[in-house]
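Student: Here it is, the structure, as structure tokens.
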Amino acid sequence: MSMTIAEKILARASGKEEVTPGEFITAKIDLAMTHIATAAVAAAYMGFPKRFKKVWDPEKIVMLEDHYVPAPNVQWATIHTMIRKFAKDYGIKYFYDVKAGICHQVLPERGHVRPGMLIVGTDSHTTTYGAFNAASAGIGNTDMTVVFSKGELWFQVPQSIGFNIEGKLEDRLMSKDIILYIAGKYGADVATYKSIEYTGKVMDDMTMASRMTMSNMGLEIGGKFAFGPPDNKITDFLKGRTNEPLNLVFPDEDAKYETVYDIDVTDMEPQVACPHTVDNVKPISEIEGTKVDQAFIGSCTNGRLEDLRIAAEILDGKKIHKDCRMIVIPASWEVYKDAMKEGILEKLIDAEAMICNCSCGPCFGAHMGLLAPKENCISSSNRNFRGRMGSDASGIYLASPATVAASAINGVITDPRKVE
Amino acid sequence: MKISGRVWVFPDNVDTDAITPAKYFDKPGELRNHILETFDKTFPKEVQPGDVIVAGKNFGCGSSRETAPDVFPPLKVGVIVAESFGRIFYRNSVAIGLPILECPEVSKAFEKGQQMEVDLEEATVKNLTTGKTIQGKKLPPMLLNIIKGGGQIKLLKKEFKAAAKKK
Chain D
1 MSMTIAEKIL ARASGKEEVT PGEFITAKID LAMTHIATAA VAAAYMGFPK RFKKVWDPEK
61 IVMLEDHYVP APNVQWATIH TMIRKFAKDY GIKYFYDVKA GICHQVLPER GHVRPGMLIV
121 GTDSHTTTYG AFNAASAGIG NTDMTVVFSK GELWFQVPQS IGFNIEGKLE DRLMSKDIIL
181 YIAGKYGADV ATYKSIEYTG KVMDDMTMAS RMTMSNMGLE IGGKFAFGPP DNKITDFLKG
241 RTNEPLNLVF PDEDAKYETV YDIDVTDMEP QVACPHTVDN VKPISEIEGT KVDQAFIGSC
301 TNGRLEDLRI AAEILDGKKI HKDCRMIVIP ASWEVYKDAM KEGILEKLID AEAMICNCSC
361 GPCFGAHMGL LAPKENCISS SNRNFRGRMG SDASGIYLAS PATVAASAIN GVITDPRKVE
Chain F
1001 MKISGRVWVF PDNVDTDAIT PAKYFDKPGE LRNHILETFD KTFPKEVQPG DVIVAGKNFG
1061 CGSSRETAPD VFPPLKVGVI VAESFGRIFY RNSVAIGLPI LECPEVSKAF EKGQQMEVDL
1121 EEATVKNLTT GKTIQGKKLP PMLLNIIKGG GQIKLLKKEF KAAAKKK
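Going line by line, the protein sequences match chains D and F.
So the first sequence is numbered by the working numbering: it starts at 1 and just counts up by one.
So the second sequence is numbered by the working numbering: it starts at 1001 and just counts up by one.
Here it is, written out as structure tokens:
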């Protein structure tokens, strides 16, 4: 047999010896995650006959609230109430409510994600769990209603592609710079419908947090799944968080990849995605000095401890520019607490950053921290579509947390290597 | 299943934030007035029942929000034909029974305002204005059945009904 990671997991989940790209299968779901979409699933369930009003497995569903947290208005407060009621009525075992953080940080932290699983979530960045060797993909609320009801769903077995990343990353460059470079070089649709496997020495050496950023942004280049290297960093992270067995899935040596892209990150500059597409990427030297009104560190892409840590290191003893404001959102309560213990939050507060509660925050432009016309935001989040974070006449620049922090000091886009 | 209508043309990489901007999610009735406005301001004002959409690569990229395909059936937009789709948008369209077709050459074959006819089973896309027909990618039977069945929820309810009868 010669199968990629995606093919192996989909074969196992569909009860087959082997699957091939292009094939349509029905696969059993190991874990389903929902946040705000739970409300839409609940609405669909209202139309079901009574005896079919049950979920396939209340222990295989994880629910939480992260998008509009705490509720910004009565409408969302009411939706939260619906979600709480659904979790209670259907006996959902793992319901974290508004008390845990952003889904893609919380699920691995709480040991729900394990190697080899097939996971679906009502969030596009569900690809994040690929860092933990899980085949995980975003779906909508209608498909999720099918999953809740039957525990299975159709899939097309994707082609697999590889990104082999070698070389040495300079100090103050991060995995975000690598994935933005990939988006810029190969385009926002290079991986559409495909399963990504990131390999190479740079990936091997990377922390789990940095790998999560790569898998998370795999979606922004179109990926269906986005796997990191299967190794003991995954099992080390998950030990103590779950008692379930942790069995890594490796690709076969003769597995077939549609394309393998070779990338050398040596001498790479920090990268910035300019308005209004994720693949409009420039090396920082080309856009240094662009005015920024808001700097945001957070989201499922870059709101982890190492992200806050590098920001604190760069901002230590300095102040955010008087014409710029900064929002920092730890991705989860665990990250929040660790950042507090390490003294990171104190440094950020001294620099006059706003520390907000764990949530998606300004990333999706509907809750807080919105932009006025003609304002620019430099953000560690994942999307810079026109109007995403507020006014259609605002601009979003995507960058690493290091670049965001450096830019906040000067009020203009700044190379983090130039800040002491 | 044949669908025809007046064409709107959109470029590559139309995202789901543009289709349904999140900032109008809690303003009932407002969302309808902002669909796709960042790409074409005239769309929400001038779209008519029976219109169809032609787009470039990666239509519906971005968020998994199902509001994006969901806005088209109430507008009575009959079909979306794009060179490729964001995969979640594609899945969601099938799930709600919205006809959707991949056709690699479609952007070049149409201009705004022309008339299009799509044969969903055959995956043929005809420009009724120029008379030219191009070939799209045939939908696999599994997905075609979901679309023709009116979407996943309808099919699920049908299944429940059948199961209830058996018992």
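Backbone N, C-alpha and C fix where the C-beta goes; we use that ideal spot for every residue, glycine too.
Using the C-alpha atoms, what's the distance from residue 390/D back to residue 119/D?
Tutor: 31 angstroms
Student: Could you round the C-beta distance between residue 10/D and residue 155/D to whole angstroms and report it? I think they count as a contact, below 8 angstroms.
Tutor: Taking the Cβ atoms as the reference, residue 10/D lies roughly 6 angstroms from residue 155/D, within the contact range of under 8 angstroms.
Student: Counting Cβ pairs closer than 8 angstroms, one from the stretch 1004–1011 of chain F and one from the stretch 1107–1115 of chain F, do we hit at least three?
Tutor: yes
Student: In the DSSP assignment, what are the bridge partners of residue 84/D?
Tutor: Its beta-bridge partners do not exist; DSSP assigns none.
Student: I'd like to know if residue 1042/F contacts chain D, where contact means its C-beta is closer than 8 angstroms to some C-beta of that chain.
Tutor: no
Student: Name the one or two DSSP bridge partners that residue 261/D has.
Tutor: 163/D
Student: Taking Cβ-Cβ distances below 7 angstroms as the criterion, which residues of the stretch 1092–1106 of chain F are in contact with chain D?
Tutor: 1092, 1095 and 1096
Student: At which residues does the beta strand (DSSP E) containing residue 1119/F begin and terminate?
Tutor: 1115–1119
Student: Whose Cβ in chain F lies nearer than 8 angstroms to the Cβ of residue 47/D?
Tutor: What residue 47/D touches in chain F: 1153 and 1157.
Student: From the beta carbon of residue 143/D, is the nearest beta carbon of chain F less than 8 angstroms away?
Tutor: yes
Student: Would residue 188/D count as contacting chain F if we go by Cβ distances under 8 angstroms?
Tutor: yes
Student: Could you check whether the Cβ of residue 1168/F sits closer than 8 angstroms to any Cβ belonging to chain D?
Tutor: Because chain F spans 1001 through 1167 in this model, residue 1168/F falls outside it and cannot be assessed.
Student: Rounded to whole angstroms, what's the CA-CA distance from residue 57/D to residue 90/D? Just pull it up for me.
Tutor: If you draw a straight line from the Cα of residue 57/D to the Cα of residue 90/D, it is about 10 angstroms long.
Student: Looking only at its chain, what residues have a beta carbon closer than 6 angstroms to the beta carbon of residue 1082/F, apart from the 5 residues adjacent to it on each side?
Tutor: 1055 and 1059
Student: Which parts of the stretch 291–331 of chain D are runs of the beta strand (DSSP E), unbroken and 3 residues or longer, counting only runs that do not cross its ends?
Tutor: If only complete runs of 3 or more residues are kept, the stretch 291–331 of chain D shows the beta strand (DSSP E) at 294–297 and 325–328, in order along the chain.
Student: Could you give the uninterrupted runs of the beta strand (DSSP E) lying entirely in the stretch 104–139 of chain D, keeping only those of 3 residues or more?
Tutor: 118–121 and 135–138
Student: With distances taken between CB atoms, is the gap from residue 126/D to residue 136/D smaller than 8 angstroms?
Tutor: yes
Student: Beta carbons nearer than 7 angstroms to chain F: which residues of the stretch 224–255 of chain D have them?
Tutor: 224
Student: Relative to chain F, which residues along the stretch 279–300 of chain D have a C-beta separation below 9 angstroms, given in chain order?
Tutor: 279
Student: Find the nearest neighbour of residue 1076/F within the set 1102/F, 1061/F and 1044/F, judged by alpha-carbon distance.
Tutor: 1044/F
Student: Nearest-angstrom Cα distance between residue 396/D and residue 204/D?
Tutor: 31 angstroms
Student: According to DSSP, is residue 379/D part of a helix, a strand, or is it coil?
Tutor: strand
Student: Any chance the CB of residue 201/D is under 7 angstroms from a heavy atom of the ligand FAD?
Tutor: Here there are no bound small molecules, and the ligand FAD is not part of this structure.
Student: Are the beta-carbon atoms belonging to residue 415/D and residue 270/D less than 8 angstroms from one another?
Tutor: yes
Student: So, with DSSP's three-state summary, where would you put residue 336/D?
Tutor: Residue 336/D: helix per DSSP, three-state reduction.
Student: List, from N- to C-terminal side, the beta strand (DSSP E) runs of 3 residues or more that fit wholly inside the stretch 4–83 of chain D.
Tutor: 24–28, 31–34 and 61–63
Student: What does a CB cutoff of less than 8 angstroms around residue 1052/F pick up in its chain, not counting 5 residues either side in sequence?
Tutor: 1003, 1004, 1005, 1006, 1007, 1008, 1077, 1078, 1079, 1080, 1081, 1116 and 1118
Student: Please list, in chain order, all residues of the same chain as residue 1047/F whose beta carbon is under 6 angstroms from its beta carbon, the five residues on each side excluded.
Tutor: 1075
Student: Does DSSP classify residue 1126/F as helix, strand or coil?
Tutor: strand
Student: List, in order along the chain, the chain F residues whose C-beta lies closer than 9 angstroms to that of residue 386/D?
Tutor: 1015, 1017, 1018, 1038 and 1039
Student: With 7 angstroms as the C-beta to C-beta threshold (strictly closer), list the residues of the stretch 258–271 of chain D near chain F in chain order.
Tutor: none
Student: Kindly indicate the opening and closing residues of the alpha helix (DSSP H) around residue 96/D.
Tutor: From DSSP, residue 96/D is part of no alpha helix (DSSP H); its letter is neither H nor E.
Student: Got a sec, what are the start and stop residues for the alpha helix (DSSP H) residue 1087/F sits in?
Tutor: 1087–1096
Student: Under a CB-based cut-off of 8 angstroms, is residue 1063/F close to chain D?
Tutor: yes
Student: So which residues of chain F does residue 277/D contact, with C-beta pairs closer than 7 angstroms?
Tutor: 1013
Student: Does residue 209/D have its Cβ less than 8 angstroms from a Cβ in chain F?
Tutor: no
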